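*Asks:* I'd like to ask you about the structure that follows.
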Amino acid sequence: MLFTWFMLTGFIFLFAPQNLTSKFQLAFVHVFRWPLTIGGNLVMTAQTQQPLTGVVGRSETQYLNYIANLEETLAQERKKFKKLSELYNTYNTYVWEGTDFALADVITKAVEGSRTELTIACRKTTGLAKGQFVLGDESIIGTISDVFPQISKATVKLVTDPTSIIPVKIAEFKNIMKGSGNNSAKIEMVKNKIEVGQNVFALKNPGFLDAPMIVGKVSECNRNQKNPSIWDITVVPACNIEQLEDVAVIIMNTQK
Amino acid sequence: MRWFRFALLILAVTVLQKGLLARWSSKPDLLVILLVFFAIYYNTSDAIISSFTIGFAADLVGSPMAMGPQMISFGLFGTLLAYLHRVIAIKRMPYQALAIFVTSVLAGAMTHLLAYITKGEPVAANIYTVVFVTSLYSSIVGPFLFLPSAWWMRIKINRFGRH
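Chains as they are written, first to last, in my numbering: chain A, 1 to 256; chain B, 1 to 163.
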């Protein structure tokens, strides 16, 4: 009888709406935030090693991503100016006008395994919504999947999550990038070979992203097994998500 | 069964699993180890209650996966293990390691299957590797954690005894 009652409880949880049961999970993380954070910091301290020669440090990665974003934004703006030169105001090129950024601390991370997400504590939840892009070290790392304004928390679905689908651009080719769950994502059936190390940019998305931003770098480019004339590309995030301690959420069209 | 000590132990292990161990890609599942411990060293009723409770704790820290699959999987296999222990004594360390490995593989497989069927949770390409490696690490580490667990729960581990 005991077994039956417990199984029934389990099935109730299983078939209950996920937005209801996820509150239990968030409540646990909220209550035990301090020990969870302490544990994570201990691991990061233990894993920190003296940097090897040739390995790019975090601040340099951030700087390089910032430069890549600026170059891509500049290229986009130059194209616009050529097409609309008679209407374009060269003294008004504020791509990010009307944009706000909400800073947030990372509480828990699930980077490896079947699902990848972050739980973040936002200093302000006003304006946060599902689908908003999240930045880490000046690169896109994911999108907001759920917001809990009562406890100032939100969950971020990483670009490497198997359910993540993001339109991206490599060189001049647009395609769809899907997460593959192993701290990487895949862009399949690309017609041209792409060089390893090439930057991958998330495309503009009205209401969420006003200019392309770097989301990853090409780590592998292999021929498709079923059709050798096309290529499958593996992309890794542009920043080391495991080392992130804080992120920024892009909030478009805020009232200032 | 000392339920207060049980609650503290599960809480501590859950926080450890979600905090300290979550940062590692390959890690043992401490909750499965505890599941086997309570299934072996306690009577059937206590084993059932503790199995489902441990499964609930695993669900709490299983985000982004929905709640339910781990509670059902842990409860089911913990109960089966408790009944099996009535017939086949699982007292020696190699048998304990084998029990942990098998339980971890089966519980992991059932969890992802339930999540896939009921919630449409996607199955990552490396899921088999993740489940296997986790089960392997758990089976290696697990038997050594039985002694400190028994000390905390104030029980004596002997070859033929049961509490």
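By construction, the Cβ of each residue, glycine as well, lies at the ideal position given by its N, Cα and C atoms.
Owing to the predicted nature of the structure, the values given are computational and were not obtained by experimental measurement.
1) Quick one, which of A/V247, A/C122, A/M189, A/V190 has its alpha-carbon nearest A/L158's?
2) Just grab the DSSP bridge partners of A/D100 for me.
3) Report, in whole angstroms, the separation of the C-beta atoms of B/I10 and A/F3, which I expect to be a contact under 8 Å.
4) Rounded to whole angstroms, how far is the Cβ of A/N224 from the Cβ of A/I230, which I believe are closer than 8 Å?
5) Mapping DSSP to helix, strand and coil, what is B/P94?
6) Does any residue of chain B have a CB that is nearer than 8 Å to the CB of A/N192?
7) Assign A/G216 to one of two classes, buried (16 or more other C-beta atoms within 10 Å of its C-beta) or exposed (fewer than that).
8) With 16 other CB atoms within 10 Å as the buried threshold, where does A/P167 fall?
9) Output the distance between the C-alpha atoms of A/G258 and A/A202, rounded to the nearest integer angstrom.
10) If the cut-off is 8 Å on Cβ atoms, which residues from the segment 25-50 of chain B count as contacting chain A, listed in chain order?
11) Can you tell me whether A/F32 is helix, strand or coil according to DSSP?
12) How is A/W231 classed by DSSP in three states: helix, strand or coil?
13) Go ahead and pull the three-state DSSP assignment for A/K256.
14) Just verifying my parser: in three-state terms, what is the DSSP assignment at A/M213?
15) Any idea if A/K19 is buried or exposed, counting beta-carbon neighbours within 10 angstroms, 16 or more meaning buried?
16) Are the CB atoms of B/S51 and B/F74 within a distance shorter than 8 Å?
17) Rounded to a whole number of angstroms, what is the C-alpha to C-alpha distance between B/G68 and A/L14?
18) Who are the neighbours of B/P69 on chain A, taking C-beta pairs under 7 Å?
19) Looking at chain A, which residues of the segment 94-124 of chain B have a Cβ within less than 8 Å of any of its Cβ atoms?
20) Name, please, each residue of chain A whose Cβ falls closer than 7 Å to the Cβ of B/K18.
21) If we ignore side chains and look at the alpha-carbon of each, how far apart do A/N183 and A/E60 end up?
22) On a CA-only basis, which of A/K23, A/L74, A/E188, A/I241 is nearest A/S152? Give me that one, please.
23) Could you tell me whether the Cβ of A/N92 comes closer than 8 Å to any Cβ of chain B?
24) Rounded to the nearest angstrom, what separates A/E86 and A/V156 at their Cα positions?
25) Would you check if the segment 134-146 of chain B and the segment 97-108 of chain B touch, i.e. whether three or more CB-CB distances between them fall below 8 Å?
26) Say whether chain A places a C-beta atom closer than 8 Å to the C-beta of B/V61.
27) Counting only Cβ pairs nearer than 9 Å, list the residues of chain A close to B/G142.
28) At a Cβ threshold of 8 Å, is B/P64 touching chain A?
29) Could you check which residue in B/A89, B/G108, B/M1 has the C-alpha nearest to that of B/D29?
30) With DSSP collapsed to three states, give me the class of A/E86.
31) At the level of alpha carbons, what is the spacing between A/E242 and A/P212?
32) Specify whether the segment 54-71 of chain B and the segment 114-124 of chain B touch according to this definition: at least 3 beta carbon pairs, one from each stretch, less than 8 Å apart.
33) Of the residues that make up the segment 70-89 of chain B, which ones have a beta carbon closer than 8 Å to any beta carbon in chain D?
34) Would you kindly report the start and end of the unbroken alpha helix (DSSP H) that includes B/I48?
35) Our contact map puts A/V200 next to A/S219 with C-beta atoms below 8 Å; I'd like the distance itself, whole angstroms only.
36) Under a three-way DSSP split, which group does A/Y91 fall into?
*Replies:* Taking the structure as given:
1) A/V247
2) A/I251
3) So it is not a contact: roughly 19 Å between Cβ atoms.
4) 5 Å
5) helix
6) no
7) buried
8) exposed
9) The shown model of chain A, from 1 to 256, leaves out residue 258 of chain A, and the question about it has no answer.
10) S25, S45, I48, I49
11) coil
12) strand
13) The pLDDT assigned to A/K256 is 41, lower than 50, so where the model puts this residue is not dependable; a value taken from the coordinates is nonetheless given after this. It is coil, neither helix nor strand.
14) strand
15) The residue you asked about is not Lys; residue 19 of chain A is Asn in the sequence shown. So A/N19 counts as exposed.
16) yes
17) 4 Å
18) L14
19) H112, L114, T118, K119, E121, P122, V123, A124
20) L36, T108
21) 21 Å
22) A/K23
23) At A/N92, the pLDDT of 42 sits below 50, so the modelled position is not reliable and the matter cannot be decided from this model.
24) The predicted model places A/E86 with a pLDDT of 40, which falls under 50 and marks its position as unreliable, so this point remains unresolved.
25) yes
26) yes
27) Within 9 Å Cβ-Cβ: nothing; B/G142 doesn't reach chain A, min ~20 Å.
28) yes
29) B/G108
30) Because the pLDDT of A/E86 is 40, which lies under 50, any placement of that residue in the model is unreliable, and the number read from its coordinates should be weighed accordingly. Three-state result, A/E86: coil.
31) 24 Å
32) yes
33) Reference to chain D is not applicable here, since the protein chains of this structure are A and B.
34) 44-60
35) Their Cβ separation, rounded to whole angstroms, is 10 Å, which puts A/V200 and A/S219 out of contact at 8 Å.
36) Note that A/Y91 scores a pLDDT of 31, beneath 50, so its modelled location is shaky and nothing firm can be said.
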